[in-house]
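Right, one structure below, let's go through it.
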Amino acid sequence: MAKYVYDFTEGNRNLKDLLGGKGANLAEMTNLGLPVPPGFTITTDACRHYLAEGDQPDGLEQEVAGHLDALEAAMGRKLGQADDPLLVSVRSGAKFSMPGMMETVLNIGLNDESVHGLAKQAGGNERFAWDSYRRLIQMFGKTVLGIDGDLFEEALDRLKGRRLDTDLSAGELQRLVETFKGIVRDQTGTDFPADPREQMRLAILAVFDSWNAPRAILYRRQERIPADLGTAVNVVAMVFGNVGNDSGTGVAFTRDPGSGHQGIYGDYLQNAQGEDVVAGIRNTIPLEELENIDKRSYDELLQIMETLENHYKDLCDIEFTIERGKLWMLQTRVGKRTAAAAFRIATQLVDQGLITLDEAVTRVTGDQLAQLMFPRFDAAAEKKKIAKGMNASPGAAVGKAVFSSARAVELAERGEDVILVRRETNPDDLAGMIAAKGILTSRGGKTSHAAVVARGMGKTCVCGAEELEVATGERRFTAPGGVVVSEGDVISIDGTSGEVYLGEVPVVASEVVEYFEGAEPDDELVKAVDRIMRHADEVRRLGVRANADTPEDAARARRFGARGIGLCRTEHMFLGERRQLVEDLVLAATDEERRQALDALEPLQKSDFAAIFRAMDGNPVTIRLIDPPLHEFLPDIVELSVRVATEEATDKDRKLLAAVKRLHEQNPMLGLRGVRLGLVIPGLFDMQVRAIAEAAKEVPGARPEIMIPLVATVQELEAVREESARILTEVGVEALIGTMIEVPRAALTAGQIAEAAEFFSFGTNDLTQMAWGFSRDDVEAAFFSQYLDLGIFGVSPFESLDRDGVGRLVAIAVREGRAARPDLHIGICGEHGGDPDSVHFCHEVGMDYVSCSPFRIPVARLEAGRAALTETDSDTR
Numbered sequence: 014m015a016k017y018v019y020d021f022t023e024g025n026r027n028l029k030d031l032l033g034g035k036g037a038n039l040a041e042m043t044n045l046g047l048p049v050p051p052g053f054t055i056t057t058d059a060c061r062h063y064l065a066e067g068d069q070p071d072g073l074e075q076e077v078a079g080h081l082d083a084l085e086a087a088m089g090r091k092l093g094q095a096d097d098p099l100l101v102s103v104r105s106g107a108k109f110s111m112p113g114m115m116e117t118v119l120n121i122g123l124n125d126e127s128v129h130g131l132a133k134q135a136g137g138n139e140r141f142a143w144d145s146y147r148r149l150i151q152m153f154g155k156t157v158l159g160i161d162g163d164l165f166e167e168a169l170d171r172l173k174g175r176r177l178d179t180d181l182s183a184g185e186l187q188r189l190v191e192t193f194k195g196i197v198r199d200q201t202g203t204d205f206p207a208d209p210r211e212q213m214r215l216a217i218l219a220v221f222d223s224w225n226a227p228r229a230i231l232y233r234r235q236e237r238i239p240a241d242l243g244t245a246v247n248v249v250a251m252v253f254g255n256v257g258n259d260s261g262t263g264v265a266f267t268r269d270p271g272s273g274h275q276g277i278y279g280d281y282l283q284n285a286q287g288e289d290v291v292a293g294i295r296n297t298i299p300l301e302e303l304e305n306i307d308k309r310s311y312d313e314l315l316q317i318m319e320t321l322e323n324h325y326k327d328l329c330d331i332e333f334t335i336e337r338g339k340l341w342m343l344q345t346r347v348g349k350r351t352a353a354a355a356f357r358i359a360t361q362l363v364d365q366g367l368i369t370l371d372e373a374v375t376r377v378t379g380d381q382l383a384q385l386m387f388p389r390f391d392a393a394a395e396k397k398k399i400a401k402g403m404n405a406s407p408g409a410a411v412g413k414a415v416f417s418s419a420r421a422v423e424l425a426e427r428g429e430d431v432i433l434v435r436r437e438t439n440p441d442d443l444a445g446m447i448a449a450k451g452i453l454t455s456r457g458g459k460t461s462h463a464a465v466v467a468r469g470m471g472k473t474c475v476c477g478a479e480e481l482e483v484a485t486g487e488r489r490f491t492a493p494g495g496v497v498v499s500e501g502d503v504i505s506i507d508g509t510s511g512e513v514y515l516g517e518v519p520v521v522a523s524e525v526v527e528y529f530e531g532a533e534p535d536d537e538l539v540k541a542v543d544r545i546m547r548h549a550d551e552v553r554r555l556g557v558r559a560n561a562d563t564p565e566d567a568a569r570a571r572r573f574g575a576r577g578i579g580l581c582r583t584e585h586m587f588l589g590e591r592r593q594l595v596e597d598l599v600l601a602a603t604d605e606e607r608r609q610a611l612d613a614l615e616p617l618q619k620s621d622f623a624a625i626f627r628a629m630d631g632n633p634v635t636i637r638l639i640d641p642p643l644h645e646f647l648p649d650i651v652e653l654s655v656r657v658a659t660e661e662a663t664d665k666d667r668k669l670l671a672a673v674k675r676l677h678e679q680n681p682m683l684g685l686r687g688v689r690l691g692l693v694i695p696g697l698f699d700m701q702v703r704a705i706a707e708a709a710k711e712v713p714g715a716r717p718e719i720m721i722p723l724v725a726t727v728q729e730l731e732a733v734r735e736e737s738a739r740i741l742t743e744v745g746v747e748a749l750i751g752t753m754i755e756v757p758r759a760a761l762t763a764g765q766i767a768e769a770a771e772f773f774s775f776g777t778n779d780l781t782q783m784a785w786g787f788s789r790d791d792v793e794a795a796f797f798s799q800y801l802d803l804g805i806f807g808v809s810p811f812e813s814l815d816r817d818g819v820g821r822l823v824a825i826a827v828r829e830g831r832a833a834r835p836d837l838h839i840g841i842c843g844e845h846g847g848d849p850d851s852v853h854f855c856h857e858v859g860m861d862y863v864s865c866s867p868f869r870i871p872v873a874r875l876e877a878g879r880a881a882l883t884e885t886d887s888d889t890r
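Using my numbering, read the sequence shown as starting at 14 and increasing by one per residue.
Spelled out as structure tokens, the structure:
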């Protein structure tokens, strides 16, 4: 019979798939002998069964009851016992951290009888007991019964007035409990459930259901977390931080998650429960001040933090509660961190001997490196500082101030940059946080919801800017000095310094980009990046080339670490003033006129190629012969028709219109382009090949590779290859001749095509279009957003390679191509060449290199190194 429930003493941190991250780590801390309240975990298997079948798996309720009996026996009291109640929390815990996205219910077991027993446990503290009871009804009502949480908040605010919740008396809280029970009755038609076991049962099901809540789905999509994992549920004996000023709750990091610097980082809140800290509803105090409040707990906490960091060999994020001077550990996990912190921490841990350089490379990601390459504010620019908060997540963000998540989404969809301003964010603000360039809050610390989620997304965030009076209903905030910022006004926020500026502050290139451009690493962060990049280059198998069409792009690509060009498009060489020569080619009525037009183009092409060869200084350059339809280089058919209709039209205009009409296609992406164009217009490809050969002969060390585009059958390639080889021999230059695999038929007949090709380069932009039946220029704006919302896509197939479909075509082509020609050189030159997950796929299927835009080259280098190390790690396991 399947086992669905595990006591904390039965699990460990390696069981995250089954117990979720929270449950696995609670078990690990229990095994380490740390002070963890006893409890048990309901597995992700149970959740998946429930979500698929609509009911709990057979035997689950009995297992839960048995573990609850054991917990009651260990604690010496029963759940909800009137005179001496055991209370429990029911908390979610997926394999991957999803902060605030799923449900938690605290204080389960309280009712009108047990609330008095809880007060007795706390030495007659009636205020604490009624505060805990109102929290249960509020959380249960919102998360389990689906009641609008604002109804409870409004009732609480009416009672508090301008006071804090800690100022409410026991009598006021008792009246609030009755008000909350009335809200439950009015909204559901039934009373708040008084049976403690029924409370727990319903809370467990609510946690299961929260896996598919809209905000959880949106977060998984943003973070690319698989939708089929499910969540575990943790049932834990309650410990209380809201008993009085000798109690409290906090969140601690073993290093600063914003910068990576070592020290004491975290937030603490006296007389509070855990949700108060992460919700940001009261401003916390820095963790180091706990030393003055409760030195014994503080010293014990520091010792535990050191133990956990050495055990996990990484930055740890810790939740804890102090109950009347007794420290309890409620959670630990490898902490989310900013990109800068990730690189610093990785190299620090190497220096401390906790991890190797190999492990350091796997601890950072290409996405984090890309974040470090974002611009920063110009230090020399004039700025009007209006406030300062906590530097929760770094970066420079500029945009219009908006005061609701819905407004942020609305303006962002129009293409406008926005800054989401809130008193504090909550999980329902996720859509607006994703849409915004940055987030600004007046409440909360570095461990608040806004800070944690922003860091996870790499989004600029300033939180806890207490100087700001945020009036969300009036859509404005007031800063010191009477400065009023209304919705639509532009502000700038600096997530590195925590400063808030009025108006737009200009940005400059980041120091990491300057390093890749050739500057010496003279900053701690840049040195960490340099160290990791050097090691990634040492261990990677995949080469990294650039998609570059000009000498300037080629030179930048080399500075960024490219060792060749994987795609040099020739289309731009036919634009601008050269359009006239293309028109002459199209209008040529005889072989001689066509020859003259091609002869005029050849020296210009030769000059372009020679400049690129010089810039690449002996590195290979793969040149794609002309690919788009020829009519793209001609005047617009509508404009030309209008011109021809006027009296000023020339004879050439009329001839051009006739030619454009002749070449016009209903679907030009599937028409006369690529190899087809080269075969239909005699001499076009010959001219390009000769220009390449002559340029290579002129530049010592040049290494040209000639790529024939849009080949669908080996006969097309053979027809072009024969004449191209003759020209290369005639000029006296060696060059590889290969093809772009961008048509599904080419992938499926790769074994035949490899007989005539010395290399393959996958053009996955077109391959994706043709495999999916999408026109990229149309579909992304037309319906991709709906497909993402519906979960049909986790990510656009143009952004990250579709492994199941397009990836299968690629794998077939690699396997069959190499079977026919073992020394076949294989790369990728679509936009996927710079996407981290796609780089790993290219490594897995055995490609030789990836090629991407110059600014993505560092990302590809790092991910190629990570792919090699991940493969090595998998092999050893």
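Positions of the beta carbon are idealized from the N, C-alpha and C atoms, including for glycine. All values reported here derive from a predicted model rather than from experimental measurement.
Test: residue i CB closer than 8 Å to a CB of chain C
{"i": "Val808", "result": "Any reference to chain C falls outside this structure, which holds one protein chain only."}
Inter-residue Cα distance where the pair is residue i and residue j
{"i": "Glu707", "j": "Glu736", "result": "15 Å"}
{"i": "Pro641", "j": "Ser866", "result": "19 Å"}
{"i": "Val903", "j": "Ser260", "result": "Residue 903 is absent from the structure shown; the chain starts at 14 and stops at 890."}
{"i": "Arg175", "j": "Glu517", "result": "35 Å"}
{"i": "Gly195", "j": "Phe390", "result": "52 Å"}
{"i": "Ala795", "j": "Val197", "result": "43 Å"}
{"i": "Glu512", "j": "Val374", "result": "32 Å"}
{"i": "Glu426", "j": "Met446", "result": "13 Å"}
{"i": "Asp566", "j": "Arg357", "result": "30 Å"}
{"i": "Asn404", "j": "Thr509", "result": "5 Å"}
{"i": "Ala78", "j": "Ala409", "result": "52 Å"}
{"i": "Ile754", "j": "Gly451", "result": "40 Å"}
{"i": "Phe891", "j": "Cys329", "result": "What is shown of the chain runs 14 to 890, which leaves residue 891 out entirely."}
{"i": "Phe6", "j": "Asp850", "result": "The requested residue 6 does not occur in the structure, where the chain is confined to residues 14 to 890."}
{"i": "Gly684", "j": "Leu588", "result": "21 Å"}
Distance between beta carbons of residue j and residue i, contact taken as under 8 Å
{"i": "Gly776", "j": "Gly843", "result": "5 Å"}
{"i": "Phe109", "j": "Ile238", "result": "5 Å"}
{"i": "Thr438", "j": "Ala463", "result": "4 Å"}
{"i": "Leu45", "j": "Thr244", "result": "Actually they do not touch by this definition, with Cβ atoms about 24 Å apart."}
{"i": "Ser105", "j": "Val246", "result": "7 Å"}
{"i": "Val552", "j": "Gly574", "result": "Going by Cβ atoms, the distance from Val552 to Gly574 rounds to 14 Å, so no, they are not a contact pair."}
{"i": "Tyr278", "j": "Leu443", "result": "No, Tyr278 and Leu443 are not in contact; Cβ-Cβ is about 25 Å, not under 8 Å."}
Neighbour-count burial assignment, residue i, 16 or more Cβ in a 10 Å radius
{"i": "Lys397", "result": "exposed"}
{"i": "Glu76", "result": "buried"}
{"i": "Asn138", "result": "buried"}
{"i": "Ala87", "result": "exposed"}
{"i": "Gln365", "result": "exposed"}
{"i": "Asp312", "result": "exposed"}
{"i": "Leu690", "result": "buried"}
{"i": "Gln728", "result": "exposed"}
{"i": "Val415", "result": "buried"}
Beta-carbon contacts of residue i that lie in its chain and below 6 Å, excluding the five residues immediately before and after
{"i": "Ser310", "result": "Ile335 and Leu340"}
{"i": "Asn258", "result": "Gln283 and Asn284"}
{"i": "Pro681", "result": "Pro642"}
{"i": "Ile298", "result": "Tyr281"}
Contact set for residue i: own chain, Cβ-Cβ below 7 Å, skip 5 residues either direction
{"i": "Ala833", "result": "Gly764, Ala767 and Glu768"}
{"i": "Arg637", "result": "Leu580, Cys581, Arg582, Thr583, Met720, Pro722 and Met753"}
Neighbourhood of residue i by C-beta, 8 Å cutoff - its chain only, sequence neighbours within 5 removed
{"i": "Val712", "result": "Ala623, Phe626 and Arg627"}
{"i": "Leu730", "result": "Val688, Ile721, Val724, Thr752, Ile766, Ala769 and Ala770"}
Entirely enclosed beta strand (DSSP E) segments - the stretch 791-817, minimum 3 residues: Look at the stretch 791-817 and you find no whole run of beta strand (DSSP E) that is 3 residues long or longer.
Secondary structure, alpha helix (DSSP H): runs of 4+ residues fully inside the stretch 528-588: The DSSP assignment places complete alpha helix (DSSP H) segments of no fewer than 4 residues inside the stretch 528-588 at 537-552 and 564-572, in order along the chain.
Segments assigned beta strand (DSSP E), at least 3 residues, entirely inside the stretch 604-663: Every beta strand (DSSP E) stretch that sits fully inside the stretch 604-663 and reaches 3 residues is listed by chain position as 633-637.
Runs of alpha helix (DSSP H) wholly within the stretch 326-401 (minimum 4 residues, chain order): 352-364, 370-375 and 379-385, all fully within the stretch 326-401.
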